[in-house]
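Participant: For the record, the sequence lines run as chains B and C. Our numbering puts the first residue of the first sequence at 16, with every later residue one more than the last. Our numbering puts the first residue of the second sequence at 8, with every later residue one more than the last. Don't be surprised by glycine CBs; every beta carbon is placed ideally from N, CA and C. Remember, it's a predicted structure, so these values are computed and weren't measured experimentally. This is the structure I have questions about; it appears just below.
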Amino acid sequence: MKNKIAIALFSAALGFAGAAHAEDMVFTSWGGTTQDAQKASWAEGFTAETKINVTQDGPTDYGKIKAMVEAGNVNWDVVDVEGDYAVQAGKLGLLEKLDFSIIDKSKLDPRFVTDYSVGSFYYSFVIGCNKDAVKQCPKSWADVFDVKKFPGKRAFYKWSAPGVIEAALLADGVAADKLYPLDLDRAFKKLDTIKSDIIWWDSGAQSQQLLASAEAPFGSFWNGRLTALAATGVTVETSWTNNITAADSLVVPKGTKNKDAAMKFIAHATSDQAQASFATATGYAPINLDANVLMDGELRQTLPDMQAETQVNADMDYWAEHRDEIGTRWYAWQAQ
Amino acid sequence: MAMTATAEGMRRKRAFVGARGGSFGYLLPALVLVVIFFIVPVLMLLMRSVLEPEPGLQNYKALLGSTTYLRIFLNTFLVAGVVTIISIVIGYPVAWLLAIMPEKWSRLVLAIIILSMWTNLLTRTYAWMVLLQRTGVINKTLMGLGLIDQPLPLVNNLVGVTIGMTYIMLPFVILPLMGVIRAIDPAILRAAALCGATSMQCFTRVLLPLSLPGIAAGALMVFVMSLGYFVTPALLGGTSNMMLAELVAQFVQSLVNWGMGGAAAFVLLVVTLTLYAVQLRYFNPNKAR
């Protein structure tokens, strides 16, 4: 009897040691359908390949990243952040330098690669419209800002980020190649003209709810959320005229205890296969240049990188530099 | 019967006083917890507000010197005040009814009220969004009945925030009020009626003054909780009637400007503590009883 207990204890101890040995890491993103796809397309394959468990956490919170790094207690190993934040945070010393001996950057879209970050996926702010709810859908940003021709509420992204300011300037007649440096006075003046008709969305899920219920029958949306909404049977019309692109980035907060696993995860997530699978699931464009050939041709046509004709690339470096200044002004304007 | 109840009450009171006078030690675990996990972090936040980005009071100057931020402060008090008043007006009759209902029924109603408190806050707030929006159930019904021809703006504004927050705050008014009203001896009301008071006079001159401590306790609780509320105003309000907690979240999460965030949070804390002190001084429910 005693022996049996001893054996049980011994094997339990062994089991414990074994469990502790298997590596774990945490991936943090924005939740919702996007993170579901990241889990399915990136994390599951990664775990199968490397035996490293990936715990999902979220939503991404820049305050938390700063707190973790300053306290030296980093629980997030890889984080999906907005591109302009990645550039800024790298400069502020909040991020680990990426190990490009593990991550193959030769195949990655160079627009989104820095010492501290690589692209995660890239998306466009497009004009979305619930066709059943309005007589006619706006086709251009000027239309979206025209309350006479297109009465009713319109939806815009609430947070200070590339997208809305650019849309306002385009609507006011600024040429797409003359957007930067941003004329903030002009942009806010234009935004003033539709302010009382704006409903702000602060998450992708909310934007879908607004459009589907026709609470705001049109507005500016992430293209992938419209693809997902259309798949549920809502008659969505998407106008790609002057679609404004921005990318999310993958970063590693400084001081992570799982740096090696983090680099391997990024290498896997940005591989052609993982990127193709994520793009197929979400309607966002891959940042791996080899992912194209792995994707269904018809679906390929609906992704942001195929809509290059009148496309506007948000200038991430400009935003990184002026993020605080624009943000302070943005929120003050909203609150007025 | 009444005698035994009083004697029992006295015994309990002695035991309670004994414990309070006897050992401060019982308080220690809770106190340590509060100091480590609340007081220390708050002080650290305060330090940031005067040290970041450089030592000085510039964060407070920026906060209090800007009309935008002052508007947010005013709006915060406006919303908290309106929510408090409406909660009391709606909650008082409910509490009264609960206090005089047969126990069997009051338990059931109470269970319903408390059950709603246990449901996830976010779920409840989203539910209001679906009800109140322009294409929501309420507007559709009113339009279907021909009572209105344009949807009423019930959400993304002050109306939405007030409705959503009042609903969430109601139990915090009803529960203390019910306790106070129950403790009022019905004989006093009977006596008033016998002396010729109308039922209105019974209410305004007897019941209302006697239940004032309950109103004060409930009002303070609701007002203070409302001042720091985040989720409901963020989802049901518009940006032009932003509340302070949202401003703090913007500073901390989006702008990563902890100096300003700390300053805003600290101003809120000071105002809240001041109000609490005023309430203790003038409307202390324990003293009044």
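When you compare the CB positions of residue 93 of chain B and residue 255 of chain B, do they come within less than 7 Å of one another, or not?
Facilitator: No. Outside cutoff.
Participant: Under a Cβ-count criterion, where at least 16 other Cβ atoms within 10 Å of its own Cβ denotes burial, should residue 280 of chain C be classed as buried or exposed?
Facilitator: That one is exposed.
Participant: May I have the straight-line CA-CA distance separating residue 95 of chain C from residue 180 of chain C, to the nearest angstrom?
Facilitator: Those two C-alpha atoms are separated by around 6 Å.
Participant: For the beta strand (DSSP E) containing residue 11 of chain B, name the first residue and the last one.
Facilitator: Residue coverage of chain B in this structure runs from 16 to 351, which leaves residue 11 of chain B outside it and unanswerable.
Participant: Any beta carbon from chain B within less than 7 Å of residue 66 of chain C's own beta carbon?
Facilitator: No, residue 66 of chain C does not count as interfacial toward chain B.
Participant: Name the chain C residues whose beta carbon is nearer than 7 Å to that of residue 230 of chain B?
Facilitator: Simply 140, 141, 142.
Participant: Just verifying my parser: in three-state terms, what is the DSSP assignment at residue 67 of chain B?
Facilitator: In this structure, residue 67 of chain B counts as coil in the three-state DSSP scheme.
Participant: Quick one: which unbroken beta strand (DSSP E) runs of 3-plus residues sit fully inside the segment 222-252 of chain C? Chain order, please.
Facilitator: Counting only runs of 3 or more, we get nothing.
Participant: Measuring CA to CA, which of C:149, C:56, C:82, C:108 is closest to residue 264 of chain C?
Facilitator: Comparing Cα positions, the closest option is C:56.
Participant: Which residues in chain C sit within 7 Å of residue 175 of chain B, going by Cβ to Cβ distance?
Facilitator: In chain order: 261.
Participant: Verify whether the separation of the beta carbon atoms of residue 155 of chain B and residue 258 of chain B is less than 7 Å.
Facilitator: Contact flag unset, no.
Participant: Below 8 Å CB to CB, which residues in the same chain sit around residue 250 of chain B once its five sequence neighbours on both sides are set aside?
Facilitator: Once the five neighbours on either side are set aside, the close Cβ partners of residue 250 of chain B are 145, 146, 147.
Participant: From residue 291 of chain B to residue 137 of chain B, what distance separates their C-alpha atoms?
Facilitator: Taking the straight line joining both Cα atoms gives about 12 Å.
Participant: Within 7 Å of any Cβ in chain C, is that where the Cβ of residue 214 of chain B sits?
Facilitator: Yes, its Cβ sits closer than 7 Å to a Cβ of chain C.
Participant: So residue 320 of chain B and residue 300 of chain B are in contact, right, with Cβ under 8 Å, and what is the actual spacing, rounded?
Facilitator: Indeed they touch by this definition, with Cβ atoms about 4 Å apart.
Participant: Counting contacts by CB-CB distance shorter than 7 Å, is residue 79 of chain C in contact with chain B?
Facilitator: By this cut-off, residue 79 of chain C is an interface position.
Participant: Just to confirm, does residue 95 of chain B get its C-beta within under 6 Å of one of the non-hydrogen atoms of the ligand COA?
Facilitator: For the ligand COA, the structure offers nothing, since it holds no ligand at all.
Participant: In whole angstroms, what is the alpha-carbon distance linking residue 8 of chain C and residue 192 of chain C?
Facilitator: Residue placement at residue 8 of chain C is poorly supported in this model, since its pLDDT is 40, which falls under 50; the coordinates still yield a value, given next. One C-alpha to the other measures close to 15 Å.
Participant: Which residues, taken in chain order from the segment 80-99 of chain B, show a beta carbon closer than 8 Å to some beta carbon of chain C?
Facilitator: Per Cβ criterion, the list reads 81.
Participant: Starting from the beta carbon of residue 339 of chain B, find every residue of chain C whose beta carbon is closer than 9 Å, and list them in chain order.
Facilitator: In chain order: 262, 263, 264.
Participant: Taking 7 Å as the CB-CB limit, is residue 75 of chain C close to chain B?
Facilitator: It does: the Cβ of residue 75 of chain C has a partner Cβ on chain B nearer than 7 Å.
Participant: For residue 78 of chain B, which residues in chain C fall below 7 Å Cβ to Cβ?
Facilitator: Under the 7 Å cutoff, chain C gives 259, 260, 263.
Participant: How long is the line joining the alpha carbons of residue 153 of chain C and residue 60 of chain C, rounded to whole angstroms?
Facilitator: Spanning the two alpha carbons is a distance of roughly 58 Å.
Participant: DSSP beta-bridge partners for residue 138 of chain B?
Facilitator: Its beta-bridge partners are B:261.
Participant: Can the beta-carbon of residue 99 of chain B be found less than 7 Å from the beta-carbon of residue 331 of chain B?
Facilitator: Yes; because the gap between Cβ atoms is below 7 Å, this pair is in contact.
Participant: Of all the residues that make up the segment 120-141 of chain B, which are near chain C by a beta-carbon distance shorter than 9 Å?
Facilitator: Taking 9 Å as the Cβ-Cβ cut-off against chain C, none of the residues of the segment 120-141 of chain B qualify.
Participant: According to DSSP, is residue 57 of chain C part of a helix, a strand, or is it coil?
Facilitator: If DSSP states are grouped into helix, strand and coil, residue 57 of chain C belongs with the helices.
Participant: So residue 95 of chain B is in the beta strand (DSSP E); what residue range does that whole segment cover?
Facilitator: Start and end: 93-97.
Participant: Quick one: give me the first and last residue of the alpha helix (DSSP H) that residue 293 of chain B is part of.
Facilitator: Element bounds for residue 293 of chain B: 287-297.
Participant: Between residue 334 of chain B and the rest of its own chain, which residues show a CB-CB distance below 7 Å, the 5 nearest in sequence each way excluded?
Facilitator: Around residue 334 of chain B: 99, 177.
Participant: Could you name the residues of chain C that residue 342 of chain B contacts, counting a contact when the two beta carbons are closer than 7 Å?
Facilitator: Result: 261, 262.
Participant: Where residue 148 of chain C and residue 196 of chain B are concerned, what is the direct C-alpha to C-alpha distance, given to the nearest angstrom?
Facilitator: Roughly 49 Å between the two C-alpha positions.
Participant: Could you please give me the residues that DSSP links to residue 234 of chain B through a beta bridge?
Facilitator: The partner list for residue 234 of chain B (beta bridge, DSSP) reads B:143, B:170.
Participant: Using Cβ-Cβ distances below 8 Å, what residues of the segment 247-258 of chain C are close to chain B?
Facilitator: For the segment 247-258 of chain C, which is checked against every Cβ of chain B, the residues closer than 8 Å are 247, 249, 254, 257.
Participant: Short check: CB of residue 297 of chain B to CB of residue 52 of chain B, under 7 Å?
Facilitator: The answer is yes: Cβ separation under 7 Å.
Participant: For the segment 76-84 of chain C against the segment 232-251 of chain C, are there 3 or more C-beta pairs whose distance is under 8 Å?
Facilitator: Flag = yes, the segment 76-84 of chain C and the segment 232-251 of chain C touch.
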